[in-house]
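Working notes for the structure below.
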Amino acid sequence: MGKKLTKREEDYSKWYNELVVKADLAESSGVRGCMVIKPYGYAIWEKMQAQLDKMFKETGHENAYFPLFIPKSYLSKEASHVEGFAKECAVVTHYRLKNAEDGSGIIVDPDAKLEEELIVRPTSETIIWDTYRRWIQSYRDLPLLVNQWANVVRWEMRTRLFLRTAEFLWQEGHTAHATEKEAIAEAEQMMHVYAEFAEEYMGVPVIKGTKTASERFAGAVETYCIEALMQDGKALQAGTSHFLGQNFAKAFDVKFANKEGKQEHVWATSWGVSTRLMGALIMTHSDDNGLVLPPKLAPIQVVIVPIYRGEDQLDAISERVAPLVKELRSKGISVKYDNRDTHKPGFKFNEYELKGVPVRLAIGQRDMENGTYEVARRDTFEKETVAADGIVGKIEFLLEDIQKNIHKKALEHRENHITEVNSYEEFKEVLENKGGFLSAHWDGTPETEERIKEETKATIRCIPIDAEEEEGSCMVSGKPSLKRVLFAKAY
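What follows is the structure in structure tokens.
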């Protein structure tokens, strides 16, 4: 499979970039800042999508689709929202091209200027709330629980595959409610749904919390988030859910008649996760040999590699393996029998190790005689010989055990990288030498938060929802503080 990967401790960033490309997940494209998600990478995203979609539907949401283009005037209706996204917007100004008269090529037709410029969606609140005005008249129309799977564009100059690209894939939920209490409950519920997905399916431990005012989504009253910790000690925001109050309802005049017949503005939420989750998955579990995938999201859960000399041996092995493949598939396990004669077994072993396939079976002549398989697990590299009659049970056990084990390993890493600090000096020292989450007192002012960010590049990742009340004083200003917050450098 070509050159070995750069080691994580040598250059974590380079390791990540090489791994994404070599494991066939994604690559840069001919369009600056945009990526091509390759079939293997897209297969992981599809598995994520399928599980999230199921969880959304189980909580009463339906999918819809809204336009890619947003009239510029819509964006200007919610002041803080436009301010938050203005610097990242791609703008459509014309609708036609033509051949230049001097034969120099294609030019934009100056006569085809749009009356109103269109924004390529950076997020869809504005177009959706304009639509909801037509959908909502009465309390009987509420709650309105809608999700959209889509692509969005936020013009980025410094890009990294999956983590930050000008165009990315995501889902965005947009809901409307009759009361503030219901909307807050919805925003909190979706934070818990995201956390459950991250922990149970991705095997990524997350901390649930709220954002500070300066880190909130543009136009939100409250932003709930899940924060994960990568192996290099940096945090990654893995999902957000926003309580929007009545800001968008007022901006787009979305009212309903309540049970008493009085007109009221509705209450709103929005929530989303994106292909950034792919970055979180890669950086949480993978090692110097390649990807380590949680079995629940692995496109191939089991690969079977035949070791043979000549066609006759291959035919015999194929005959032995066929019923096993059928049985595993009947149990919902995705399995690949790699009988390509163009690559040697050693090459295949390396390829599937790099691609993070959780369980590998090898079967050669001796296994045929003894009625066994050689079984290797990707997370620990342990190998053992297993009798054919016990192989299905063994595989089922391993898939569960690997899922648990990689979560446990990631959780231990995170627990070892949450450090309580009580002075600014200690904060800087731990941030520089250990990294991870730093739990510290903060006086609640944006001035102190900004100063810490400027001086150390660390931001407040979240105010944990389970943070205990604890009287203390801010590590920077010395002013009183009632609870600790979590700081980290972040992606």
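In full-length UniProt numbering, the protein residues as written are 1 to 491.
Just so it is clear, CB atoms sit at the ideal spot from N, CA and C, and this is done for glycine as well.
Note that the structure is a prediction, hence the values are computed from the model and not measured.
DSSP lists T210 as the bridge partner or partners of I463. K98 carries a strand assignment under DSSP once its states are collapsed to helix, strand and coil. The DSSP-derived three-state label of E384 is strand. Here V82 has L75, S76 as same chain residues with Cβ atoms under 7 Å from its own Cβ, once five neighbours each way along the sequence are excluded.
Going by beta carbons, R484 and S423 fall outside the 8 Å limit. DSSP places I333 outside any alpha helix (DSSP H), giving it a letter other than H or E. H441 has its alpha-carbon roughly 14 Å from the corresponding atom of K428. In the three-state reduction of the DSSP assignment, W15 falls in the helix class, which pools H, G and I. Within a 10 Å sphere around the beta-carbon of A251 sit 16 or more other beta-carbons, which makes this residue buried. Assignment of beta-bridge partners to W267 by DSSP yields H177.
Inclusion of V204 and A280 in the CB contact set at 8 Å is warranted, their separation being smaller than that value. With fewer than 16 other Cβ atoms inside 10 Å of its own Cβ, T342 counts as exposed. In this structure the segment 456–464 touches the segment 209–221; the number of beta carbon pairs closer than 8 Å is three or more. Here the alpha carbon of Q189 sits roughly 12 Å from the alpha carbon of G60. In this structure, the CA atom of K57 is about 21 Å from the CA atom of I226. As the crow flies, the alpha-carbon of W267 is around 24 Å from that of D53. CA-CA distance, V325 to A387, rounds to 16 Å. Separation of Q51 and F197 (C-alpha to C-alpha, rounded to the nearest whole angstrom) is 8 Å. Remark: C-beta atoms of P306 and I391 do not approach each other more closely than 8 Å. Within the same chain, A100 come within 6 Å of I107 by CB-CB distance, once the 5 residues on both sides are set aside. The bridge partners DSSP lists for E227 are I207, Q237. Per DSSP, the unbroken alpha helix (DSSP H) holding Q403 starts and ends at 391–415. Here A86 is exposed: its Cβ has fewer than 16 other Cβ atoms, across all protein chains shown, within 10 Å. Distance between F347 and K22, taken at the CA atoms: about 14 Å. When secondary structure is reduced to three states using DSSP, W442 falls in the coil class, being assigned neither helix nor strand. DSSP places Q171 in the strand class (E or B) of the three-state scheme. Considering only W271, A238, I304, E186, the residue with the shortest C-alpha distance to M283 is A238.
Looking only at C89, N350, R340, L297, the smallest Cα-Cα distance to A43 is reached by L297.
In the DSSP assignment, L144 falls within the unbroken beta strand (DSSP E) covering 144–153. Annotation: E46 to E180 spans about 34 Å, alpha carbon to alpha carbon. For F256, the secondary structure class from DSSP, reduced to helix, strand or coil, is strand. The DSSP-derived three-state label of N350 is helix. In the structure shown, V359 adopts extended strand secondary structure according to DSSP, grouped into three states.
If the five residues before and after C34 are omitted, its C-beta is found closer than 7 Å to the C-beta atoms of T165, A166, E167, all from its own chain and listed in chain order. Here DSSP, grouped into helix, strand and coil, assigns S80 to helix. Setting aside the 5 residues that flank it on each side, Q403 is surrounded in the same chain by G203, P294, P295, K296, each with a C-beta closer than 8 Å to its C-beta; the list follows chain order.
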